[in-house]
Amino acid sequence: VQGISVEDDQKSLQKAMQGLEGIYLYYDRPKNERITKDEVKKLLSRQIRYNKITGIKRSPKEFIGNFDNAPIFDYQIGDSVIKVITFDYAKKGNLSKELKSVLYDIEHLDNMNKKLSFIINDEAVDEENLDLEEFKDQLKNITNNFSIIGVSRFMSQKF
Numbered sequence: 001v002q003g004i005s006v007e008d009d010q011k012s013l014q015k016a017m018q019g020l021e022g023i024y025l026y027y028d029r030p031k032n033e034r035i036t037k038d039e040v041k042k043l044l045s046r047q048i049r050y051n052k053i054t055g056i057k058r059s060p061k062e063f064i065g066n067f068d069n070a071p072i073f074d075y076q077i078g079d080s081v082i083k084v085i086t087f088d089y090a091k092k093g094n095l096s097k098e099l100k101s102v103l104y105d106i107e108h109l110d111n112m113n114k115k116l117s118f119i120i121n122d123e124a125v126d127e128e129n130l131d132l133e134e135f136k137d138q139l140k141n142i143t144n145n146f147s148i149i150g151v152s153r154f155m156s157q158k159f
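Counting from 1, position 109 in the sequence shown corresponds to residue 109 in our numbering; the numbering is continuous, with no gaps.
This is how it looks when you write it as structure tokens:
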């Protein structure tokens, strides 16, 4: 299992295994027990530490949204910026608002010369997801320098 060293104690190991279970068995769990976007970010941070990636910025401040003055992206690694998005909203309106907000913020960035990487729940990648397809189409109107990857595939990558 990546992200766990021999020095980790049993509690850390158990927590890491629960995180991996949340990623790989996402729909096998009741909705109220599914992994959240914040939990995905924590697992990504652990993966980044494990791979000893240097020069990473969390919530890079040079990419700020227009209305809330909050960072648009969750991470920056070299020439790539990473945004975690979930397509598993109970209400479609909430998903729509998040996607529109991300697209708006990206479109209104000055001098955006980074590769965009979106990490999303695996089921949205594996199944025919109309919201994801629309998001891709709208994103292509802004830039072609992007990738969309499922969280389990991202977690298994070596950097």
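Quick reminder that beta carbons are idealized off the backbone N, C-alpha and C, glycines included.
Quick caveat, the model's predicted, so the values are computed rather than measured.
| Query | Result |
| --- | --- |
| Under 8 angstroms Cβ to Cβ from S101, same chain only, skipping five residues before and after it: list those, please. | G65 |
| What number of angstroms, rounded off, separates the C-alpha of Q47 from the C-alpha of R153? | 12 angstroms |
| Which same chain residues, not among the five before or five after K41, have their C-beta less than 8 angstroms away from its C-beta? | D74, V84 |
| What are the start and end residues of the alpha helix (DSSP H) that includes S152? | 151–155 |
| Consult DSSP for F135 and reduce its assignment to one of helix, strand or coil. | helix |
| Could you tell me which residues DSSP pairs with F118 in its beta bridges? | K83, I148 |
| Can you tell me whether V1 is buried or exposed? The criterion is at least 16 other CB atoms within 10 Å of its CB, across all chains shown. | Model confidence at V1 stands at a pLDDT of 45, short of 50, so the residue's coordinates are unreliable and nothing is read from them. |
| How far does the alpha helix (DSSP H) with I48 in it extend, from its first residue to its last? | 37–50 |
| Roughly how many angstroms separate the alpha carbons of A70 and N113, rounded to a whole number? | 19 angstroms |
| Does the beta-carbon of L139 have 16 or more other beta-carbons within 10 angstroms, so that it is buried, or is it exposed? | buried |
| Helix, strand or coil for M57 per DSSP? | Inspection of the sequence shows that residue 57 is occupied by Lys rather than by Met. The answer is strand: DSSP assigns K57 an E or B state. |
| So, with DSSP's three-state summary, where would you put I72? | coil |
| Please classify I142: does DSSP put it in a helix, a strand, or coil? | coil |
| Using 8 angstroms for Cβ pairs, my map puts I106 next to I148. What's the rounded Cβ distance? | That pair is no contact at about 13 angstroms. |
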